[in-house]
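Trainee: To convert, take the position in the sequence shown, counting from 1, and add 367; that gives our numbering.
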Amino acid sequence: MASQTLTIRKPDDWHVHLRDGEMLLNVAPYTARQFARAIVMPNLIPPITSVEAAHGYRARILAAAGNGFTPLMTCYLTDGTDPDELARGFEEGVWVAAKLYPAGATTNSASGVTDIRKIYPALERMERIGMVLCVHGEVTHPDVDVFDREAVFIERILTRLAHDFPELKIVFEHITTEEAVRFVDRAGPNIAATVTPQHLIINRNAIFAGGLRPHAFCLPVAKRERDRVVVRRAATSGKRKYFLGTDSAPHSREAKESACGCAGIFNAPFALEAYAAVFEEEDALDRFEAFASEHGARFYGLPLNEGTVTLERAGVEVPSTIDGVVPFLAGETLPWKLAG
């Protein structure tokens, strides 16, 4: 008989959007309920580009999330990022990593990097001090098909980046393609990847099932079924290069269901339940704790968490809306439920 409970070391989310203002107050508790720590994305308006801005944002997150949760802050890289400011924030323990958004790649990325060579001085300093680079791996050229943007980014930018900075620690975030898995598998130990629940569960057909489905739209977009299968196999393989990063990215229902719907999937409320369902389907529940609670911390050089969380084998229905946001898998029933 299958076990009715699953207890794992308290996990971390190595990629989350907590937004700001009222949305932050609404969504932060869902992440804090499941995760001890989270790498928080800096793509606010204006973006988090200074140590002082990061201090302020961290304080707002702590107030919204409550006790027992540690936000790990990131610096938003721009063409003009000052290497000294990066190093100061890292040395003071304000920033854990810096985030590369190619300009125009996703939500609030207009201030992102227009040419990777413009941030080489910043990357050189990061490599020297051991600061992690988190990468949104897509090109934004209009002549590149949206479903090919990740693969082209690997070919044109990431391969050269890894060559030019062989000691730089890089997290290839929210990977979606067979090409990404191949790149990460072949790279050295300083390159790893996060994987979201949506890219393990849906393929691109979900965006067009019976019409346009804005709540299945995120960036990078879900890809072909063969890509989903390969990414799923990598995430559940037990390899230390792959770890949990939800990329939970809430937008109001109105912002999603509009003439130009925002990209982003809000999966935070039932993230662990969704991941556990995938690992069980792959007969890999024995590898779930490592993926959720160990690989990421070890890559970032942080201690493992001390506490635990328990999932119960009890169906939980995902509500149609949560605080005005439509969650991932709305209306569906997941086989695991977070206890407590």
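A virtual CB, placed ideally from N, CA and C, is assigned to each residue, including glycine. Just so we're clear, the structure is a prediction, and the values are computed from it rather than from any experiment.
#1: DSSP has C442 in a bridge; who is on the other side?
#2: Given that a residue counts as buried once 16 or more other Cβ atoms are within 10 Å of its Cβ, and exposed if not, what is G707?
#3: Less than 8 Å separating the beta-carbons of E522 and N557?
#4: Does the distance from the CB of K466 to the CB of L439 come in under 8 Å?
#5: What number of angstroms, rounded off, separates the C-alpha of R708 from the C-alpha of R591?
#6: So, for P636: in the same chain, excluding its five sequence neighbours on each side, which residues have a beta-carbon less than 7 Å away from its beta-carbon?
#7: In whole angstroms, what separates the C-alpha of T700 from that of E684?
#8: Pull up the distance between the alpha-carbon of D614 and that of A369, whole angstroms please.
#9: So, using beta-carbon positions, are E452 and V418 closer together than 8 Å?
#10: Cβ of L611 within 8 Å of Cβ of T543?
#11: Whose C-alpha, out of E494, F532, D482 and A472, is nearest the C-alpha of V511?
#12: In chain order, what residues of the same chain lie with their CB nearer than 8 Å to the CB of V480, ignoring the 5 residues before and after it?
#13: Please classify L671: is it buried, with 16 or more other beta-carbons within 10 angstroms of its beta-carbon, or exposed?
#14: Report yes if the C-beta distance between R680 and T374 is below 8 Å; otherwise report no.
#15: Is it true that the CB of K704 sits closer than 8 Å to the CB of E656?
#16: To the nearest angstrom, how far is it from the Cα of R376 to the Cα of R599?
#17: Between which residues of its own chain and I569 is the CB-CB distance below 7 Å, once the five residues before and five after are set aside?
#18: Between which residues of its own chain and H312 is the CB-CB distance below 6 Å, once the five residues before and five after are set aside?
#19: Sorted by chain position, which residues of the same chain lie with C-beta nearer than 7 Å to D594's C-beta, five sequence neighbours on each side aside?
#20: For P450 and D379, what's the separation of their Cα atoms in angstroms?
#21: Would you check if there are 3 or more beta carbon pairs closer than 8 Å linking the region 384-391 to the region 662-671?
#22: Given a threshold of 16 other Cβ atoms within 10 Å of its Cβ, counted over all protein chains shown, does E621 qualify as buried or as exposed?
#23: With distances taken Cα to Cα, identify the nearest neighbour of E494 among V513, A464 and P509.
#24: Does the pairing of the region 647-654 with the region 418-430 give three or more beta-carbon distances under 8 Å?
#25: By Cβ distance below 8 Å, which residues in the same chain neighbour V394 in space, the five residues on each side in sequence not counted?
#26: Which term fits I524, buried or exposed, when burial requires 16 or more other beta carbons within 10 angstroms of its beta carbon?
Mentor: The short version:
#1: A465
#2: exposed
#3: It is not a contact, given that the beta carbons lie outside the stated cut-off.
#4: Contact flag unset, no.
#5: There is no way to answer for residue 708, as the model of the chain reaches only from 368 to 707.
#6: Y397, I689 and P694
#7: 4 Å
#8: 30 Å
#9: yes
#10: no
#11: Comparing Cα-Cα distances from V511 to each of E494, F532, D482 and A472, the minimum goes to A472.
#12: L444, T445, D446, L467, Y468, P469, A470 and I486
#13: exposed
#14: In this structure, R680 keeps its C-beta atom at 8 Å or more from the C-beta atom of T374.
#15: no
#16: 22 Å
#17: Taking C-beta separations shorter than 7 Å and ignoring five residues to either side along the sequence, the partners of I569 in its chain run A583 and A589, following chain order.
#18: The requested residue 312 is not part of the displayed model; the chain covers only 368 to 707.
#19: Short of 7 Å from the beta carbon of D594, and not among the five residues preceding or following it, lie these beta carbons of its own chain, in chain order: T543, T544 and E545.
#20: Cα atoms of P450 and D379: separation of roughly 28 Å, rounded to the nearest angstrom.
#21: no
#22: Classification of E621: exposed, given that the 10 Å Cβ count is below 16.
#23: A464
#24: no
#25: Excluding sequence neighbours, V394 sits near L385, R386, S615, P617, F633, A635, D690 and V692.
#26: Buried, since its Cβ has 16 or more Cβ neighbours within 10 Å.
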